[in-house]
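Using the numbering used here, read the sequence shown as starting at 340 and increasing by one per residue.
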Amino acid sequence: MTTMVATTVPTARVNWVRYAALAAKILLFALLLTALIWPDLSGIKGKASTARLIVYPLGAMVLPLWWWAYGRTRSKLHRGFPWHADLLMTLPWLIDLIGNRLNLFDTVTWWDDAMHFILWGLLTAGVLLAFAPPGLSRGLTAFVALGFGATAAVVWEIGEYFAFIRSSPELQTAYTDTLGDLGLGTLGALLAGLILYQTRRTARG
């Protein structure tokens with residue numbers, strides 16, 4: 340989709356979201372830099388650290404890069420950069436990196452499942468907010484959320500497998516874990532789509 344949409348919000352709130360999105364990016368890049376300098380302390384050593392150092396900044400910058408190269412000239416309705424969507428699309432990478440840095444994925448039994456559900460919801464909400472037209476019905480919104488969320492979840496799991504799981508002790512339990520991750524990520528994406536639809540419907544009055 341190439342339609343950039345806008346949401347009218349008070350200026351102070353937009354400024355707060357802008358600062359939050361910028362702060363999230365600064366913190367993300369700071370953590371990535373420290374992972375390069377002190378890999379043993381990063382929490383991602385042995386977990387496809389090289390791939391993460393490439394994918395995470397790309398994931399956080401994909402919307403600003405799209406906007407700079409293409410989006411700002413496409414939409415006549417948009418009044419500025421979609422900071423709300425940008426924040427939602429940045430948080431998953433930052434939260435995942437913090438979770439790895441604090442070793443929560445290996446020490447808290449439910450953390451990985453919760454992250455697949457929550458982070459996929461945040462990412463899907465950001466993508467829909469940035470690119471999905473606000474006039475979509477509940478059914479179409481859910482369909483688009485499922486399409487993006489499930490596809491992204493599959494791509495992520497394939498990437499994890501080839502990046503580090505196939506050569507790690509996790510391979511023995513990878514099938515069950517992958518099925519659970521796919522299911523939770525898809526459910527998170529669906530919930531995000533339904534919440535976004537209801538939020539937009541309420542905003543329209």
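From the three backbone atoms N, C-alpha and C, an ideal C-beta is built for every residue, glycine too. No experiment lies behind these values; they were computed from the predicted model shown.
Could you check what DSSP says for Thr512 in three-state terms: helix, strand or coil?
-> In the sequence shown, the residue the question calls residue 512 occupies position 173. Thr512 falls in the helix class under three-state DSSP.
Is the distance from the Cβ of Trp422 to the Cβ of Ala360 below 7 Å?
-> As a first step, residue 422 must be located in the sequence shown, where it is residue number 83. As a first step, residue 360 must be located in the sequence shown, where it is residue number 21. Against a cut-off of 7 Å, the Cβ pair of Ala360 and Trp422 comes out as a contact.
Would the C-beta of Ala491 count as close to the ligand HEM, meaning under 6 Å from any of its heavy atoms?
-> Judged by which ligands are present, the structure shown has none, so any question about the ligand HEM falls away.
Is Gly524 near Ala481, with beta carbons less than 7 Å apart?
-> In the sequence shown, the residue the question calls residue 524 occupies position 185. In the sequence shown, the residue the question calls residue 481 occupies position 142. Their beta carbons are not under 7 Å apart, which means Gly524 does not touch Ala481 by this criterion.
Does the region 433–442 come close enough to the region 463–470 that 3 or more CB-CB pairs lie under 8 Å?
-> no
Limits of the unbroken alpha helix (DSSP H) element including Tyr395 = Position 56 of the sequence shown, counting from 1, holds the residue named residue 395. Here the alpha helix (DSSP H) through Tyr395 covers Ser388 to Ala408.
Take every Cβ of the region 442–451, pair it with every Cβ of the region 371–380, and state whether three or more of those distances are shorter than 8 Å.
-> no
Short Cβ contact (7 Å threshold) for Leu485 with Leu529 | The residue you call residue 485 lines up with position 146 of the sequence shown. The residue you call residue 529 lines up with position 190 of the sequence shown. The Cβ atoms of Leu485 and Leu529 lie closer than 7 Å to each other.
In terms of residues, what are the limits of the alpha helix (DSSP H) holding Pro431?
-> Taking the first residue of the sequence shown as position 1, residue 431 is located at position 92. Per DSSP, Pro431 is one residue of the alpha helix (DSSP H) stretching across Trp422 to Arg440.
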